Amino acid sequence: MISFVKGPLSEILEDMVVIECGSVGYELHVPVSVLQKLPDIGVEVKLYTYFQVREDAMCLYGFLSRQDLQMFKQLISVNGIGPKVALGVLSAMEPDELRRAIVSGDAKAISRAPGIGAKTAQRMILDLKDKIETSDILPPEFLQEKKGQGSGLSGAAGEAVDALTALGYSASEAGRAVGRVEVTDSMTAEDVLKASLKHLAFI
């Protein structure tokens, strides 16, 4: 119903912001990661929104990108995770960090978020791991350059190493993780990357 709200930032509260739009102030609940990236009061800001309607309340949740909004929607699709818990998860973990944890199966990292126990973290991984695209966890500059050389490896393995280094892992960490994957001719770079991330979760 409401795709986004755009206007001057009017107030910053503990877990929400107020954005003025057409002489109306809209309250939006936001994660800590959004609060940390907001401009100064009075500066225009655009937040993509999720509109929740309950019997006793109507709430707007705001995010800086459609990708982060999509991550929120994916979280609340998991049984037992509502908007407040999802907001807590995205406050404890950056959306990209959460995506990597889901892909790599790192339940321990996810369970550090408030309201998320080990079982819920495992359920989240099980429900969402196939919904996270590789392009969602790689830096935009890597996707533009389409690197596949310079790692000392070729094909899918080489691209996976380059992708891991683009994510911030050292060349030795990336090489070690890819080396632990039984790479077959039928595997794509995305397959190798996801398998490698699972090994990195336990390094």
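Per this note's numbering, residue -19 is the first one in the sequence shown, and the count goes up by one each step.
Where is the CB? At the ideal position from N, CA and C, for every residue including glycine.
This one's a predicted model, so the numbers in the text were calculated from it and none came from an experiment.
When GLY95, ALA101 and THR164 are compared, the shortest CA-CA separation from VAL83 is found for ALA101. Taking the CA atoms as reference points, VAL172 sits about 7 Å from VAL163.
ILE(-8) and ARG79 have their C-alpha atoms roughly 27 Å apart.
Residue nearest to GLU(-6) within the set ALA143, SER3 and VAL14 is VAL14 (criterion: CA-CA distance). For GLY68, there is no enclosing beta strand (DSSP E); the residue is part of the alpha helix (DSSP H) that begins and ends at 63 to 72. When Cβ pairs closer than 8 Å are counted between the two stretches, the stretch 25 to 43 is seen not to touch the stretch 92 to 101, the count staying below three. The residue from GLY148, LEU144 and SER166 with its alpha-carbon nearest to that of GLY159 is LEU144. The DSSP-derived three-state label of GLY5 is strand. In the three-state scheme derived from DSSP, where H, G and I count as helix and E and B as strand, GLU24 is classed as strand. In this structure PRO11 touches SER71 by the C-beta definition: roughly 4 Å separates them, less than 8 Å. Out of VAL69, ILE(-18), GLY60 and LEU108, the CA that lies nearest to the CA of ILE90 is found in VAL69. By the Cβ-count criterion, LYS88 is exposed, with fewer than 16 other Cβ atoms from all chains shown falling within 10 Å of its own Cβ. Comparing alpha carbon positions, the residue from LYS64, GLN54, ALA157 and LEU106 closest to MET(-4) is LYS64. Cβ neighbours of PHE52 within its own chain (closer than 7 Å, five residues either side excluded): TYR30, TYR41, PHE43, ALA66 and LEU70. Counting only residues of its own chain and dropping the five nearest sequence neighbours on each side, LEU108 has a CB closer than 6 Å to the CB of GLN54 and ILE82. Separation of the CB atoms of LEU8 and VAL(-15) is rounded to 6 Å, and the pair is thereby assigned contact status at 8 Å. The alpha-carbon separation between GLN50 and VAL25 amounts to approximately 19 Å.
At a Cβ-Cβ threshold of 8 Å, LEU180 and ALA151 do not count as neighbours. One thing to note: ALA140 has its Cβ no nearer than 8 Å to the Cβ of SER166.
Ranked by Cα distance from PRO75, the first of ALA136, ILE112, GLY148 and GLY138 is ILE112. Annotated as distal: LEU27 and ILE(-18), with beta-carbon spacing of 8 Å or more.
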